[in-house]
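Counting from 1372, one number per residue, gives the positions in the sequence shown under my numbering.
A virtual CB, placed ideally from N, CA and C, is assigned to each residue, including glycine.
Values in this document were obtained by computation on a predicted structure and should not be read as measured data.
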Amino acid sequence: MIVAVVLSTPEQILTRQIIRNSWASPSRSQAVRDGIVTVFFIVGAPKSDIEMERLLAEQRIYQDMIVTDLKDTYENLVLKVNVMLNFFIYNCRKANYLIKVDDDVSVHLDRMLAYWSQTSRNKAKIYCRLCVLCPPFRNESDKWYISRQYWGRRTYPTYCHGSFYLIGRSAAQGILRETRYFEPIPFEVSCSTVVSKIKSGGEIIILTIVIMRRRCNGKWRPIWSQRSGARVADRYPPRSIKPFILPASVN
């Protein structure tokens, strides 16, 4: 079993509905239809009683919401991912893998599983799009600015692009264990990674911070397309999606 968690915010009801009716729909994906993949949405704390009521109504209908008490800010995204990992480890014990997805990413789950089954699955690894030799942003006006105090080196360590990745249970456990000893960079600009050995002798990638929303200057190495020639995840601008009518109880 695989758990997919989409990072969202309370007000993004329409986006969640689009996802439920597209790549996460049982009618569109055999993996979802057969119960191989279960999709959840994780959101921060609602800003008002009305927003909370809408979330409760949405949860009553779909039973797929994870609501945290975190304020939905750019700086708190790393904490949101930490909550996601804890949810996976402690509430989804029958699942061996977790997919993390941004809400502006469309995933072809059936295609992904078809090609992934041709490779060796390893619960101690992260399957992702790697960014190698990416330099930090030094312009103070840049959204992804990082001072030399926080990161003094010329490049980041190799890290996973955060729009979409698949992580095994052992790797997730290793991340939660190891990140207790790291001071995270105070924003979601990129993800420092450390390769660590676990008891089984396998390698895991330890993420101390996650996601980079802008194409970096380094070299990409998409793990699935490199092996299969197929794309399994695509970014799309949310405004390009045609709206549709939501259930009355959620509006």
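Helix or strand or just coil, what does DSSP make of Thr1386?
-> Numbered from 1 along the sequence shown, position 15 holds the residue referred to as residue 1386. Thr1386 falls in the helix class under three-state DSSP.
Please list the terminal residues of the continuous beta strand (DSSP E) segment that includes Pro1530. By 1-based counting over the sequence shown, the position of residue 1530 is 159. Before going on, a small fix: residue 1530 reads as Tyr here, not Pro. Start and end: 1530-1539.
query = Between the Cα of Leu1413 and the Cα atoms of Gln1544, Val1374, Cys1531, which residue gives the shortest distance?
reply = The count along the sequence shown starts at 1 and reaches residue 1413 at position 42. Before going further, note that residue 1413 is Ile rather than Leu in the sequence given. Checking every option, the nearest Cα to that of Ile1413 belongs to Val1374.
**Asked** Who does Asp1473 pair with in a DSSP beta bridge?
**Response** Position 102 of the sequence shown, counted from the start, is the residue given in the question as residue 1473. Its beta-bridge partners are Leu1378.
Review point. If you pair each beta-carbon of the stretch 1502-1512 with each one of the stretch 1461-1472, do three or more pairs fall below 8 Å?
Key: no
Inset, instruction - Please determine if the stretch 1485-1505 and the stretch 1416-1425 are in contact, where contact requires at least 3 C-beta pairs separated by less than 8 Å. - result: The answer is no - the stretch 1416-1425 does not touch the stretch 1485-1505, with fewer than three Cβ pairs under 8 Å.
Practice item. To the nearest angstrom, report how far apart Val1408 and Leu1450 are at their CA atoms. Key: As a working note, residue 1408 is residue 37 in the sequence shown. As a working note, residue 1450 is residue 79 in the sequence shown. The alpha-carbon atoms of Val1408 and Leu1450 are separated by roughly 24 Å.
Does the distance from the CB of Asp1473 to the CB of Leu1537 come in under 9 Å? As a first step, residue 1473 must be located in the sequence shown, where it is residue number 102. As a first step, residue 1537 must be located in the sequence shown, where it is residue number 166. At the C-beta level, Asp1473 and Leu1537 stay beyond 9 Å of one another.
*What are the partner residues of Leu1547, as DSSP defines its beta bridges?*
To locate residue 1547, count along the sequence shown from 1; it is residue 176. Under DSSP, Leu1547 forms no beta bridge with any residue.
Review point. According to the neighbour-count rule (16 or more other Cβ atoms, all chains shown, within 10 Å of its Cβ), is Asp1440 buried or exposed?
Key: Here residue 1440 refers to the residue found at position 69 when the sequence shown is read from its first residue. Answer is exposed; the Cβ neighbour count stays below 16.
TODO: For Met1372, I'd like the list of residues in its chain whose CB is within less than 6 Å of its CB, leaving aside the five on either flank, ordered along the chain.
DONE: The residue labelled residue 1372 in the question sits at position 1 within the sequence shown. Cβ neighbours of Met1372 beyond the five flanking positions: Lys1465, Ala1466.
So Ala1542 and Lys1494 are supposed to be a Cβ contact under 8 Å. How far apart are they, rounded?
In the sequence shown, the residue the question calls residue 1542 occupies position 171. In the sequence shown, the residue the question calls residue 1494 occupies position 123. That belief holds up - the Cβ atoms of Ala1542 and Lys1494 are roughly 7 Å apart, short of 8 Å.
Local conformation of Gln1520 per DSSP, three classes:
Residue mapping note: residue 1520 aligns to position 149 of the sequence shown, counting from 1. Here DSSP, grouped into helix, strand and coil, assigns Gln1520 to coil.
Open item on the list: On the DSSP bridge list, what partners appear for Thr1409?
Closed with: Walking along the sequence shown from the start, residue 1409 turns up at place 38. Answer is Val1374, bridged to Thr1409.
_Just to confirm the assignment, what range does the alpha helix (DSSP H) spanning Lys1451 have?_
Position 80 of the sequence shown, counted from the start, is the residue given in the question as residue 1451. Counting along the chain, the alpha helix (DSSP H) containing Lys1451 begins and ends at 1448-1462.
Tell me, which residues are paired with Val1414 by DSSP? Within the sequence shown, the letter at position 43 stands for residue 1414. Beta-bridge pairing links Val1414 to Val1438.
On the DSSP letters alone, give me the boundaries of the alpha helix (DSSP H) that Ala1402 sits inside.
Along the sequence shown, read from residue 1 onward, the residue named residue 1402 stands at position 31. Residues 1401-1404.
* Exposed or buried, what is Cys1506 when buried is set at 16 or more other beta-carbons lying within 10 Å of its beta-carbon? -> Within the sequence shown, the letter at position 135 stands for residue 1506. As written in the sequence, residue 1506 is Pro, which differs from the Cys given in the question. Label assigned to Pro1506: exposed.
**Request:** Reducing DSSP to helix, strand and coil, say where Tyr1527 ends up.
**Result:** Counting from one through the sequence shown, the residue named residue 1527 turns up at place 156. Three-state DSSP puts Tyr1527 in coil, outside helix and strand.
Taking just the CA atoms, how far does Thr1526 sit from Arg1404? Position 33 of the sequence shown, counted from the start, is the residue given in the question as residue 1404. Position 155 of the sequence shown, counted from the start, is the residue given in the question as residue 1526. So the two alpha carbons sit approximately 43 Å from each other.
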